[in-house]
Structures are given as C-alpha cells and as structure tokens.
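Each number in the working numbering corresponds to the 1-based position in the sequence shown with 1 added. Written out below as structure tokens is the structure these notes cover.
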Amino acid sequence: MVTLVIFRGSTIHDVVESPQESITIGRASWNTVVLDHPSVSRDHARILVRESGMEVVDLGSKNGVVLKGIPVKSATIVHGDVLQIGEFRFHVHAPPTERGIGKTSQGEKPSAPRREGNPGSLLAEGALEETYRALETLFQLSSRFPTMVDTNQLLEHMIDCLRQIFQAERGQILLVDPKTGRFQVTIARKIDPKTPDYAISETIAREVLSRKVPILTTDALAETKFQEVDSIQREQIRSVVCVPLIRPADKRTIGVLYLDSRAKQKVFSNREVALLDTFASNAVEAIENAREKDRLKKLVLSLQAAQRDSNLREHNFQNIVASNRKMIDVLTLVTDVASEDVTCLVLGESGTGKELIAKAIHYNSKRKDRPFVAVNCMALSPEVIESELFGHERGSFTGACERRIGRFEMADGGTLFLDEIGELSGAIQVKLLRVLQERQIERVGGSRPTDVDVRLVAATHADLPKHIKTGRFREDLYYRLNVLTITIPPLRQRLEDIPPLVDHFIDHFNSRMQRKLVGIDPDALSILMSYSWPGNIRELKNVIERAFVVEREQRITASSLPHDIVQGRGRGFSSNDLGVDNYPPDFHLAKELFEKNFILKYLRVNSGNIAATATQLGLPRKTIYRKLEAYQIPRDQLGDEPPDD
Numbered sequence: 002m003v004t005l006v007i008f009r010g011s012t013i014h015d016v017v018e019s020p021q022e023s024i025t026i027g028r029a030s031w032n033t034v035v036l037d038h039p040s041v042s043r044d045h046a047r048i049l050v051r052e053s054g055m056e057v058v059d060l061g062s063k064n065g066v067v068l069k070g071i072p073v074k075s076a077t078i079v080h081g082d083v084l085q086i087g088e089f090r091f092h093v094h095a096p097p098t099e100r101g102i103g104k105t106s107q108g109e110k111p112s113a114p115r116r117e118g119n120p121g122s123l124l125a126e127g128a129l130e131e132t133y134r135a136l137e138t139l140f141q142l143s144s145r146f147p148t149m150v151d152t153n154q155l156l157e158h159m160i161d162c163l164r165q166i167f168q169a170e171r172g173q174i175l176l177v178d179p180k181t182g183r184f185q186v187t188i189a190r191k192i193d194p195k196t197p198d199y200a201i202s203e204t205i206a207r208e209v210l211s212r213k214v215p216i217l218t219t220d221a222l223a224e225t226k227f228q229e230v231d232s233i234q235r236e237q238i239r240s241v242v243c244v245p246l247i248r249p250a251d252k253r254t255i256g257v258l259y260l261d262s263r264a265k266q267k268v269f270s271n272r273e274v275a276l277l278d279t280f281a282s283n284a285v286e287a288i289e290n291a292r293e294k295d296r297l298k299k300l301v302l303s304l305q306a307a308q309r310d311s312n313l314r315e316h317n318f319q320n321i322v323a324s325n326r327k328m329i330d331v332l333t334l335v336t337d338v339a340s341e342d343v344t345c346l347v348l349g350e351s352g353t354g355k356e357l358i359a360k361a362i363h364y365n366s367k368r369k370d371r372p373f374v375a376v377n378c379m380a381l382s383p384e385v386i387e388s389e390l391f392g393h394e395r396g397s398f399t400g401a402c403e404r405r406i407g408r409f410e411m412a413d414g415g416t417l418f419l420d421e422i423g424e425l426s427g428a429i430q431v432k433l434l435r436v437l438q439e440r441q442i443e444r445v446g447g448s449r450p451t452d453v454d455v456r457l458v459a460a461t462h463a464d465l466p467k468h469i470k471t472g473r474f475r476e477d478l479y480y481r482l483n484v485l486t487i488t489i490p491p492l493r494q495r496l497e498d499i500p501p502l503v504d505h506f507i508d509h510f511n512s513r514m515q516r517k518l519v520g521i522d523p524d525a526l527s528i529l530m531s532y533s534w535p536g537n538i539r540e541l542k543n544v545i546e547r548a549f550v551v552e553r554e555q556r557i558t559a560s561s562l563p564h565d566i567v568q569g570r571g572r573g574f575s576s577n578d579l580g581v582d583n584y585p586p587d588f589h590l591a592k593e594l595f596e597k598n599f600i601l602k603y604l605r606v607n608s609g610n611i612a613a614t615a616t617q618l619g620l621p622r623k624t625i626y627r628k629l630e631a632y633q634i635p636r637d638q639l640g641d642e643p644p645d646d
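Structure below.
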C-alpha cells in the first residue's frame, strides 16, 4: 500500500493510503485523489504501482508534474520522492515491508529524499526510516483531531503521542489565556508546576512566545543561561525543543509545545524541530476548534440550566393565578397527576390555559429534566401530521430528502402535549392508539418500530363523546386518553380571578416592555369584570398587552381598552355562569353584575319588551331604561324580537 502525504504550503492537506495499482490525481470527482483547486487540472496525473517500481505520468495537465525541480511527462519515482502538482506537494511513502517497490530496474535502493527548504519536507539524510515513522504517526494523530471535541482529551492525546514519537521524557502544552496573556498549564507530563522544574520550561516557553520561532537546546547543561538553574543540574536535563502554536489567520501565538529529555543518547535535532513545527501548524486549528466547542458546550449547559430553572419557576403551581374554588380544585388534581406517570386528558375552551396546565404537570413530575414537546393538531394539515408526529425515512415521499425524527422521538423520556386532539384523522388515531398500547412508533416509509418512552397529555375543546357518536373519534382511543380528565373552567365562571390575573399581566408586560404601570383604574377593571371573555385568559392577556401599547397614563384606564369590550360588557353571561361562588369579591361589582344579568334575563324572557319586563319585575319603565343606559347594554341583546313599548 502506497501512502501519499499531501502538503499545501507548510500545512498537511490530506493523507491518502491506496492499495490500487493506478492512482489518479485531478480536480474532477472521479479521481482517486481529488484536489479542488484551479492549479490542478481535471485529469492531472497518474501514479502507477508495479512490482518493478512506481511511475508518475502527466496526463496532459496545464501546470505539469515536477520531480526534483524538473517538469516530467513520465518518470520513475521511489519511496521518499516529492512530487509538485499545482500548489500541492506529494510525499511518496511505502511501508518498510514494501520498500522493494520503488527500486530502480537495476535493483538499486532509492536515493535519499531532498530538502526543499520548508517545514513540509525537511527530511534529513541518513534518517529516512525514523523520519517517516515519525511522520506516519503524526499523520495518524492529526487524522484523529476532528473526532476529539473535548480540549483536555485532545491535548492529552497530543502530548502523549508526541512524547512517544520524539522519545521525550517530559512534555507539556501551555496555552495562553487571551484575557491575561499568562500561560495556563493545560496538560503536563512528568512536570509539576509547583516545582523548580517548571521554571525551566516556562522560561523557554516565554522566549518562544515572544519570538514566535522554535527553540532547540541540544545541551542544556552546557548553556550559560541554564548554568545558574539548580534544577538543570539536579534533573540533568540535556535536550529541549519548544515550538510555538501560531494561528494562521492573525499570526497570534496561542501557546507552545514543549518537550525535553535527560538521556544522553536522545538529543533533539533540527529535523525533529521541523517535524514538530509542521505538526504544530496543523494542531492549532484543532485546538482552537476544541476550545470553541468547549466554550459553546459550557454556554449551552448554562443556558439549559437557566431555562430549566426558569421553567420550574414559571410552571410551578404557586405561579398559576387562581383564587376561584373550581380552579383550586383543578390545581389540586394537577398536583396529584404530576406525581403519577399516567396519560391525561385536559378539557376546556380555547384560551383557558390547557398548555399551561400540561407544562405544570410536566415540570412538576419526574420527567421535568427531559423535553416537553407541544403539537397543535389543528395547526397541521392532514398531509403532514403523520410525518410531524412519527417522523419519516429518506425517500418515503416526494420531498423527503433525508430522514427526520418526529415529535414522539423528540419527546423521548419527557412529555408530549397534543393540543386539539379531536382534530386528528381516523388513520392517525389508529397509529396513536398503537403508540399508547405498544410504546413504539414507526416512521413514515420505515419498516422497523422504534421504542419511545413518552408521557402523553392530550387536550381539546371539543365534545369527544359527541364525536364518538358521530364516528369522528375512536371510542377505544378516547378511553386510552381518558385515564384522568382535568376540566378547566372558562374565565367567565371564575371572575374573581380577573383582578389577580390583570396584576400578573401588568407585572409581566412591565418587565418585557420596560414600563412602570402601577395598576388598573377601577372603572377599567369594572369593564373587564363585566365582560364575558369568549377568548378566555388568552383574550385578557391580549387586552392588557394592547393597553400597554396605547396607554399614556400611569394606570390602565377605560380609554385604552378595546371598543368592542367596552361596548360588549355583560355580553354572553347566563345565570348558570354567575353562581354565588363565581361573583367577584367586591360587593359593588357583584351587585352591578347581578342587576345587569337579572334585567337581561327577563328582557329575553319577554322578547325584549321593556313594558312587560317592568311590569313583571315591579319596576318603573324609566328604571329599566336607566339601567340599560348605565350598563351599556345594546339593543341586540334584548331578545329575538325588537322591543314592543
């Protein structure tokens, strides 16, 4: 097997190992070695490997093939030769067991490689085998860089391999702290920063850092600058090599590689300095990438922790605004449900906070550290809902360019919230039933089931028993979902929650919009308490947000409320909505609501006839007119027919 070590400048571009007898080189994708660069022709050259030797052939390239400084059309090449192809240099390397390949036809051994004056090909005569063994190990080390995303793991692997390659007794990699400019002893082998030995390496490292050039000491015991250092004599350090780690983009030195040896038979040479320097130029990018990934990993972990803490605070039961007895009963039930890993069905009108309840269940359960994934079944078309929930395999349908995991797999270990589940088609209901029974999903276009561990919380505003009777919803799925049902009352049935909800939203928007509103005007609150809230809490939140935009006073006033709410106060209430328990804890507001709804009820009974209503209630007609005007009750609420008075 022939190995081609490819350099571009002083940087290793690629290492290609090929068992083929014909190795083609060019810019086109069909070549064995593809070099996507304008200096390389589409079909540039071919290397032929035979029993008798190796040969390079120019395939009519524009820039030609250069061997020993001479352009060649066809030439014999041997182990150790260097080919110039465009901007790239190819170092030809055959393992020792195959060194017969590359001999001349007379059986002569290949000539020693040439020195080309750059770090990529500084091969000393008389040390060919040792050099290529070192190069081979360095290339293998470099090839592992992309798989190492942890900085400490990368640096430990580097220093251990470098000590082995260069037969060094001790070594360390010192990185510069970008904030302080001081060295950080990131990785060290047999050098303790607390001992005098460290002063030796740091002195040399600082010199390399300032000069940005390698330093080689072949006999530290004899050098004047080390003669006063006791540890040199004590440790008998003989040879030292130290090279800078220079970032190509801005020529900034990010650290140094340091190796030393005490053995007399091991003295570092210029050749090894060149090899180590070449390695360092390739190692910088890997170190920078690993450090950046470490930084991003820490940032992600920090953000995840902050988000988790925020979710736990936000979705704690104590943070759900509720003083209504029905809502307190709901929260008590949610507390019990959260501790048990059961499927839940949340019922309630749109805007009542079904997803908020689902999150409270999740973030107060044992699954709180795992994902919470929400899906609005109504917002997804029937064509994509199956793929969204269960995922799909590549090529399973038009546009499926790659495999995609679905929401069930995203929520694995956590909670999946399916809102408006009553909108699912019959086919999806069947697949969902299987997931609940088997705890497995099957991707669209897939043939093998995938296990999932998901707690399902479903929600709907629809009347599912009615849908079952009409065939729109499967009865067996309903019973699977309805292990435990939580019903959220509409806002019109919990009016006493409006004042604390308003205060909650004022605090929320003060923080978000950097405002300092101090509350709400009593008249404005009276209007909000008199409204029927068909959009429930979501509508109330939108009203407060709108008030923050248009209000110029320190408090929310009636003038900043939407016109339809001011005009529609009291619309839609029934006597069932306003039982004693549902009146606001304010006597005057409760009295106003009672009067309004009491009069409206009997106006409807009398089809809007004010005279008949006045007679029935024992009130003067003027009182009825005055109440209608005071409560701003429009004529279309008086009954099915126009008043007959």
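The beta carbon of each residue, even a glycine, is placed where N, CA and C say it ideally should be.
Legend entry - DSSP three-state assignment for Asn365, whether helix, strand or coil: coil
Inset, instruction - List the residues that DSSP assigns as beta-bridge partners of Pro72. - result: Val67
Inset, instruction - Answer with buried or exposed for Gly396, where buried requires no fewer than 16 other C-beta atoms within 10 angstroms of its C-beta. - result: exposed
Legend entry - Residue of Phe506, Ala291 and Leu258 minimising C-alpha distance to Ala275: Leu258
Legend entry - Ordered list of alpha helix (DSSP H) runs contained in the stretch 401 to 456, each at least 4 residues: 408 to 411 and 427 to 439
Legend entry - Rounded C-alpha distance that separates Gly127 from His158: For Gly127, the pLDDT reaches just 39, beneath the cut-off of 50, and the residue's location in the model is therefore unreliable, although a value from the coordinates is still provided. Each residue's Cα considered, the two are about 29 Å apart.
Legend entry - Neighbourhood of Ile174 by C-beta, 7 Å cutoff - its chain only, sequence neighbours within 5 removed: Leu156, Met159, Ile160, Thr187, Ile188, Gly256 and Leu258
Inset, instruction - Return the first residue and the last residue of the beta strand (DSSP E) that Thr1 is part of. - result: Outside the shown range of the chain (2 to 646) lies residue 1, about which nothing can therefore be said.
Inset, instruction - Enumerate in chain order the residues of its own chain whose CB-to-CB distance from Thr152 is below 6 Å, with the five nearest sequence positions on each side excluded. - result: Ala291, Arg292 and Asp295
Inset, instruction - Report yes if the CB atom of Thr486 is closer than 8 Å to the CB atom of Val458, and no otherwise. - result: no
Legend entry - Sequence-distant residues of the same chain with beta carbon closer than 7 Å to Arg9, five excluded per side: Glu88 and Phe89
Inset, instruction - If I'm right that Phe269 touches Val242 with Cβ under 8 Å, what's the distance once you round it to whole angstroms? - result: 4 Å
Legend entry - Spatially closest choice to Asp420 from Ser351, Phe510, Arg473 and Met411, by CA coordinates: Ser351
Legend entry - Presumed contact (8 Å Cβ cut-off) between Arg248 and Glu289, rounded CB distance: 7 Å
Inset, instruction - Kindly indicate the opening and closing residues of the beta strand (DSSP E) around Leu620. - result: Counting along the chain, Leu620 falls outside any beta strand (DSSP E), and DSSP gives it neither H nor E.
Inset, instruction - Measure the C-alpha to C-alpha separation of Lys360 and Phe373 and round it to an integer number of angstroms. - result: 7 Å
Inset, instruction - Please report how far the alpha carbon of Glu389 lies from the alpha carbon of Arg405, in whole angstroms. - result: 9 Å
Inset, instruction - Could you tell me which residues DSSP puts in a beta bridge with Met159? - result: According to DSSP, which records beta bridges pairwise, Met159 is partnered with nothing at all.
Inset, instruction - In the DSSP assignment, find the unbroken alpha helix (DSSP H) run with Ala29 in it and report its ends. - result: No alpha helix (DSSP H) holds Ala29; DSSP gives it neither H nor E.
Legend entry - Rounded separation between Leu498 and Ile362 - CA only: The question names Leu, but residue 498 is Asp in the sequence shown. Taking the straight line joining both Cα atoms gives about 21 Å.
Legend entry - Backbone secondary structure at Pro336 - three-state DSSP: Correcting the residue type first, residue 336 is Thr in the shown sequence and not Pro. Helix.
Legend entry - Endpoints, alpha helix (DSSP H) assigned at Val532: The identity of residue 532 in the sequence shown is Tyr, whereas the question assumes Val. Tyr532 -> no alpha helix (DSSP H), and no H or E assigned at all.
Legend entry - Completely contained beta strand (DSSP E) runs for the stretch 479 to 554, where each covers 3 or more residues: 485 to 488
Legend entry - Range of the contiguous alpha helix (DSSP H) that encloses Ser590: The question names Ser, but residue 590 is Leu in the sequence shown. Looking at the DSSP string, the run of the alpha helix (DSSP H) that includes Leu590 is Phe588 to Val606.
Inset, instruction - Assign Val343 to one of three DSSP states: helix, strand, or coil. - result: coil
Legend entry - Three-way DSSP call (helix, strand, coil) for Thr353 in this model: coil
Legend entry - Nonlocal neighbours in the same chain, by C-beta distance under 6 Å from Glu117, ignoring five residues either side: Any reading at Glu117 must be qualified, since the residue scores a pLDDT of 35, below 50, and its modelled position is unreliable; the value itself is stated next. Contacts found: none.
Inset, instruction - Look at Ala29 and Asp44 and say whether their C-beta atoms are less than 8 Å apart. - result: yes
Legend entry - Outcome for Phe588 when other beta-carbon atoms lying within 10 angstroms are tallied against a minimum of 16: exposed
Inset, instruction - With DSSP as the reference, label Val214 as helix, strand or coil. - result: coil
Inset, instruction - Leaving out five residues on either side along the sequence, give the residues of the same chain with a beta carbon under 7 Å from the beta carbon of Leu465. - result: Gly423, Phe474 and Tyr479
Legend entry - Whole-number beta carbon distance between Gly172 and Leu1, since they are thought to touch under 8 Å: A query on residue 1 cannot be resolved here, the shown segment of the chain reaching from 2 to 646 and no further.
Inset, instruction - Compare the beta carbon distance of Arg495 and Asn325 with 8 Å and say whether it is the shorter of the two. - result: yes
Legend entry - Closest by C-alpha distance to Asn483, when choosing among Leu348, Lys470, Gly447 and Ile566: Leu348
Inset, instruction - Compute the Euclidean distance between the alpha carbons of Pro563 and Lys517, then round it to the nearest angstrom. - result: 21 Å
Inset, instruction - Could you check if Tyr626 is buried or exposed, using at least 16 other CB atoms within 10 Å of its CB as the buried criterion? - result: exposed
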